[in-house]
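Heads up: the structure comes next, in structure tokens.
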Amino acid sequence: MKKYNALFCNKLIDRGKILEKVVQDMGISIAEVARKTNYERTTVYRHFSKSDLDYAIILKYGKALKYDFSVQFPELLDFTSQYDAPLSDYKVITVADALKERDYWKDKYVALLERHNELLYRELGMKSK
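With the numbering used here as the guide, the letters of the sequence shown map in order to residues 365 to 493.
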């Protein structure tokens, strides 16, 4: 029952109003907020009026304004970890390695394309070139 109540309470939270209150408390003009977030001023006002403002938008405001909205929205911690975590480990490679990798995938694509064309010719009863 507690989980249901928590979910129900979250629906009552007006995310847009909280965003507006944070911006007002920071003393930043709407024009400055719009500039930092790359939104139009009218869009910023529209976000203020949206009670179910998307968490991705709230995160964008948080990054632009250097403000941690996880205080108001603890569920943002789960949301950020889901989107900020890299899908795999990245490593720095040399230009030569990048060219080898490019050639590998190009050759693989060409081989697959040739096989596909052979199958088409065979299925359609045509002679291959």
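Don't be surprised by glycine CBs; every beta carbon is placed ideally from N, CA and C.
Predicted model only: the values in this text are computed from it and were never measured.
Taking I382 as the centre and dropping the five residues before and after it, the same chain places the C-beta of Q436 closer than 7 angstroms to its C-beta, in chain order. Distance check between R405 and each of L476, E465, I394 places I394 closest, using alpha-carbon atoms only.
Excluding five sequence positions before and after K414, the CB atoms of its chain that fall closer than 8 angstroms to its own CB belong to R379, G380, given in chain order. In the three-state scheme derived from DSSP, where H, G and I count as helix and E and B as strand, I382 is classed as helix. When L423, M390, A462, V386 are compared, the shortest CA-CA separation from T401 is found for L423. Per DSSP, reduced to three states, the secondary structure at D432 is coil, with no helix or strand assignment.
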